[in-house]
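Note sheet for the following structure.
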Amino acid sequence: MKILHLLSTIDPRAGGPTEGVRQSGINMAALGHEVEVVTLDDPAAPWLSAFPLTVHALGPSKGNYGLTPNLVPWLKEHATRFDAVIINGLWQYHSYGAWKALHAMRVPYYVFPHGMLDPWFKRTYPLKHLKKSLYWPWAEYRVLRDARRVLFTAEEERMLARQSFRLYKAREEVVAFGTNPPPVASLSIRDAFLAAYPELDGKRLLLFLGRIHEKKGCDLLIRAFAQVRDIDPLAHLVMAGPDSGDWTPELQKLAGELGVAKRITWTGMLEGEQKWGAFQASDAFVLPSHQENFGIAVAEALGCGLPALISDKVNIWREVEADGAGFVATDTVEGTVSSLTRWLELEPSLATAMRARAKDTFHRRFTVDAMSKDLLRVLQAGAKEDEGMLHKAGKERLRGA
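Numbering (full-length UniProt numbering), first residue to last: 1 to 401.
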């Protein structure tokens with residue numbers, strides 16, 4: 001098949017959607033399919049050259065919405081080359097622009113909301129939600145309504161999406177989502193990470209890896225860690241990830257006030273072997289997020305054998321809990337204290353067993369192979385629908401003749 005992905009950006013700092021497209025695209029190409037990407041990025045953006053798929057950068061775009069006059073004409077000219085177009089994410093011009101170009105064409109398009117319909121945003125940013133509600137009927141509602149399928153990566157995400165807006169119509173489908181297996185554990189990779197952060201050597205590392213953002217629960221993680229620090233004097237928190245909102249200084253001040261500043265290391269964004277070294281050197285993965293659609297970092301942690309200490313707002317929490325691959329609690333300080341305490345006090349033999357279950361959960365549920373196969377199932381079923389519709393239309397024309 002020929003598949004076109006649409007993204008607002010392929011900047012690696014954007015997180016899950018970009019990484020999901022990158023990994024699934026590589027996997028699909030290895031299976032013999034053709035995958036290209038359209039982004040609203042400026043053609044001069046430095047991250048374009050490192051992206052492993054064919055990219056059409058149609059920016060520069062204007063403002064946070066990403067408005068660009070190049071998207072609709074490009075799609076009208078080129079979309080017919082593809083068997084399917086996949087819109088990744090909402091609330092920026094790439095989704096509405098795709099609808100403007102494609103809704104009257106025969107090219108089927110699909111939408112991955114990637115958690116952007118979660119009612120957490122409605123509760124947390126009521127003024128922004130009010131603004132979105134005003135243009136919802138004229139833009140995103142139509143994007144979803146006319147999509148061949150709206151694809152959710154967990155049943156939890158599908159159910160939550162229905163709660164954000166009263167006007168809602170979509171042909172929903174839950175599909176697998178995942179990531180590539182981590183590299184084989186290597187002392188050289190682990191030791192290279194520890195060499196970069198020598199203060200971590202010999203510590204029991206609790207790893208947070210993701211964007212430093214309000215929705216990730218970074219502040220409550222620091223507060224919770226301050227309450228459990230005496231359980232194990234070797235416990236040390238690693239905060240790894242980019243901060244586009246300049247929240248880190250405020251969080252560091254909080255850590256100082258709580259007396260845990262010297263037991264927290266801030267690495268910034270980790271990539272490549274440094275990222276895998278952090279996973280391999282850590283004892284457990286922690287993500288007390290207030291809203292998390294899938295969490296590729298959670299899957300990567302499980303693949304490295306790290307138990308996941310997550311909140312029940314991470315949409316794959318049911319799978320983690322059912323498999324005994326970590327601990328799940330509420331997205332509160334109290335809930336995070338509970339998970340951290342349970343892990344730090346767990347008997348070594350039970351901790352070892354949980355690490356094995358974490359790896360097993362990853363390989364059964366969250367691999368990129370499973371994601372590609374399930375996505376192809378949906379796209380191929382859509383192609384058969386098209387064949388059936390064309391066949392029916394042909395018969396009706398013959399009857400009319």
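For glycine and all other residues, C-beta sits at the position ideal for the given N, C-alpha and C. Bear in mind the structure is a predicted one, so any value in this text is a computation, not a measurement.
**Message:** Which runs of the alpha helix (DSSP H) at least 4 residues long sit entirely within the stretch 269-327? Give them in chain order.
**Reply:** List check, alpha helix (DSSP H) in window: 272-281, 296-303, 317-323.
**Asked** Under 7 Å, do Pro-182 and Gly-303 count as touching if we go by C-beta distance?
**Response** Position 182 of the sequence shown, counted from the start, is the residue given in the question as residue 182. Position 303 of the sequence shown, counted from the start, is the residue given in the question as residue 303. In contact: Pro-182 and Gly-303 (Cβ atoms closer than 7 Å).
**Item:** Where Gly-20 sits in the DSSP three-state scheme
**Value:** The sequence position of residue 20 within the sequence shown is 20, counting from 1. Residue state, collapsed to three classes: helix.
**Message:** Just to check my reading of the structure: Ala-170 and Ala-147 have Cβ atoms closer than 8 Å, yes? What is that Cβ distance to the nearest angstrom?
**Reply:** Reading the sequence shown from its first residue, position 170 is the one you call residue 170. Reading the sequence shown from its first residue, position 147 is the one you call residue 147. About 7 Å separates the two Cβ atoms, so the contact holds.
**Message:** Please list the terminal residues of the continuous beta strand (DSSP E) segment that includes Ala-45.
**Reply:** As a first step, residue 45 must be located in the sequence shown, where it is residue number 45. For Ala-45, there is no enclosing beta strand (DSSP E), as DSSP marks it with neither H nor E.
**Asked** Any idea what DSSP makes of Phe-121, helix, strand or coil?
**Response** Reading the sequence shown from its first residue, position 121 is the one you call residue 121. In the structure shown, Phe-121 adopts helical secondary structure according to DSSP, grouped into three states.
**Message:** Considering only the alpha carbon of each residue, which of Phe-225, Leu-90, Gly-305, Glu-273 lies closest to Lys-359?
**Reply:** Working through the sequence shown from its first residue, we reach residue 359 at position 359. It is Gly-305 whose Cα lies nearest to the Cα of Lys-359.
**Request:** Give the DSSP bridge partners of Thr-54, in chain order.
**Result:** The count along the sequence shown starts at 1 and reaches residue 54 at position 54. In the DSSP secondary-structure assignment, Thr-54 is bridged to Glu-36.
**Asked** Would the beta-carbon of Leu-144 be found less than 6 Å away from any heavy atom of the ligand ZN?
**Response** No copy of the ligand ZN appears in this structure; indeed no ligand is present at all.
**Request:** Assuming Leu-309 and Phe-327 form a contact by the criterion Cβ under 8 Å, report the distance between their Cβ atoms to the nearest whole angstrom.
**Result:** The count along the sequence shown starts at 1 and reaches residue 309 at position 309. The count along the sequence shown starts at 1 and reaches residue 327 at position 327. About 5 Å separates the two Cβ atoms, so the contact holds.
**Message:** According to DSSP, is Ile-222 part of a helix, a strand, or is it coil?
**Reply:** In the sequence shown, the residue the question calls residue 222 occupies position 222. Here Ile-222 sits in helix by DSSP.
**Request:** Given a cut-off of 7 Å, decide if Leu-53 and Val-38 are closer than it, judged by their beta-carbon atoms.
**Result:** Within the sequence shown, the letter at position 38 stands for residue 38. Within the sequence shown, the letter at position 53 stands for residue 53. Not closer than 7 Å, so no.
**Ordered list of alpha helix (DSSP H) runs contained in the stretch 95-147, each at least 4 residues** = Taken in chain order, the whole alpha helix (DSSP H) runs of length 4 or more contained in the stretch 95-147 are 119-124, 126-135, 140-145.
**Message:** Rounded to whole angstroms, what is the Cα-Cα separation between Leu-4 and Val-55?
**Reply:** One-based indexing of the sequence shown puts residue 4 at position 4. One-based indexing of the sequence shown puts residue 55 at position 55. The alpha-carbon of Leu-4 is positioned some 10 Å away from that of Val-55.
**Prompt:** Just how far apart, CA to CA, sit Glu-321 and Arg-357?
**Reply:** For the purposes of this step, residue 321 is taken as the residue at position 321 of the sequence shown. For the purposes of this step, residue 357 is taken as the residue at position 357 of the sequence shown. Going from the Cα of Glu-321 to the Cα of Arg-357 covers about 11 Å.
**Prompt:** Relative to the alpha-carbon of Ala-79, which residue among Thr-68, His-94, Arg-106 has its alpha-carbon at the smallest distance?
**Reply:** Against the sequence shown, residue 79 aligns to sequence position 79. It is Arg-106 whose Cα lies nearest to the Cα of Ala-79.
**Item:** Beta bridge counterpart(s) of Ala-329 as assigned by DSSP
**Value:** Within the sequence shown, numbered from 1, the residue matching residue 329 stands at position 329. According to DSSP, which records beta bridges pairwise, Ala-329 is partnered with Ser-311.
**The beta strand (DSSP E) enclosing Ala-351, as first and last residue numbers** = Against the sequence shown, residue 351 aligns to sequence position 351. Careful: Ala-351 lies outside any beta strand (DSSP E), inside the alpha helix (DSSP H) at 348-365.
**For Ile-10, the three-state DSSP class (helix, strand or coil)** = Position 10 of the sequence shown holds residue 10. Three-state DSSP puts Ile-10 in coil, outside helix and strand.
**Prompt:** Is the beta carbon of Ser-289 sitting closer than 7 Å to the one on Lys-216?
**Reply:** Residue mapping note: residue 289 aligns to position 289 of the sequence shown, counting from 1. Residue mapping note: residue 216 aligns to position 216 of the sequence shown, counting from 1. In this structure, Lys-216 lies closer than 7 Å to Ser-289 by Cβ.
**Own chain partners of His-114 with C-beta closer than 7 Å, once the 5 adjacent residues on each side are dropped** = Position 114 of the sequence shown, counted from the first residue, corresponds to residue 114. So the list reads Gly-16, Pro-17, Asn-88, Gly-89, Asn-293, once near-sequence residues are dropped.
**Asked** Would residue 477 be called buried (16 or more neighbouring beta carbons within 10 Å of its own) or exposed?
**Response** No information on residue 477 is available, as it lies outside the stretch 1 to 401 that the chain covers here.
**Message:** As a quick exercise: from Val-35, Thr-153, Leu-117, pick the residue whose alpha carbon is nearest that of Glu-319.
**Reply:** Looking up residue 319 in the sequence shown gives position 319. Among Val-35, Thr-153, Leu-117, the Cα nearest to that of Glu-319 belongs to Thr-153.
**Asked** The beta strand (DSSP E) spanning Leu-251 covers which residue range?
**Response** Residue mapping note: residue 251 aligns to position 251 of the sequence shown, counting from 1. In the DSSP assignment, Leu-251 falls outside any beta strand (DSSP E) and lies within the alpha helix (DSSP H) extending over 248-257.
**Asked** Based on Cα-Cα distance, which residue from Asp-369, Gly-272, Ile-212, Pro-108 lies nearest to Ala-29?
**Response** What you label residue 29 is simply residue 29 of the sequence shown in a count that begins at 1. Of the listed residues, the one whose Cα sits closest to Ala-29 is Asp-369.
**Message:** Using a Cβ-Cβ cutoff of less than 7 Å, which residues in the same chain neighbour Ala-299 once the five nearest sequence positions on both sides are dropped?
**Reply:** In the sequence shown, the residue the question calls residue 299 occupies position 299. The residues are Gly-178, Thr-179, Phe-362, Phe-366.
**Request:** Measuring alpha carbon to alpha carbon, tell me which of Leu-340, Val-238, Lys-100, Asn-27 ends up nearest Gly-268.
**Result:** Residue numbering aside, residue 268 sits at position 268 when the sequence shown is read from its first letter. Here the closest residue by C-alpha is Val-238.
**Prompt:** Where does Met-159 land, buried or exposed, given buried means 16+ other C-beta within 10 angstroms?
**Reply:** Sequence index remark: in the sequence shown, residue 159 carries index 159 (1-based). Classified as exposed, Met-159 has fewer than 16 neighbouring CB atoms from the shown chains inside 10 Å of its CB.
**Request:** State the Cα-Cα distance for the pair Leu-120 and Glu-156, rounded to the nearest angstrom.
**Result:** Indexing the sequence shown from 1 puts residue 120 at position 120. Indexing the sequence shown from 1 puts residue 156 at position 156. The identity of residue 120 in the sequence shown is Trp, whereas the question assumes Leu. About 13 Å.
**Item:** Cα-Cα separation between Leu-6 and Tyr-135, rounded to whole angstroms
**Value:** The residue given as residue 6 occupies position 6 in the sequence shown. The residue given as residue 135 occupies position 135 in the sequence shown. In a straight line, the C-alpha of Leu-6 is about 21 Å away from that of Tyr-135.
**Prompt:** What's the gap between the Cα of residue 410 and the Cα of Leu-144?
**Reply:** In the structure as shown, the chain starts at 1 and stops at 401, and residue 410 therefore has no counterpart that could be examined.
**Asked** Rounded to the nearest angstrom, how far is the Cβ of Lys-2 from that of Arg-81, given a contact under 8 Å?
**Response** For the purposes of this step, residue 2 is identified with residue 2 of the sequence shown, where counting begins at 1. For the purposes of this step, residue 81 is identified with residue 81 of the sequence shown, where counting begins at 1. With a Cβ gap of about 6 Å, Lys-2 and Arg-81 count as contacting.
**Message:** From the DSSP secondary-structure annotation, give me the bridge partner or partners of Lys-2.
**Reply:** As a working mapping, residue 2 is identified with position 2 in the sequence shown. Glu-34.
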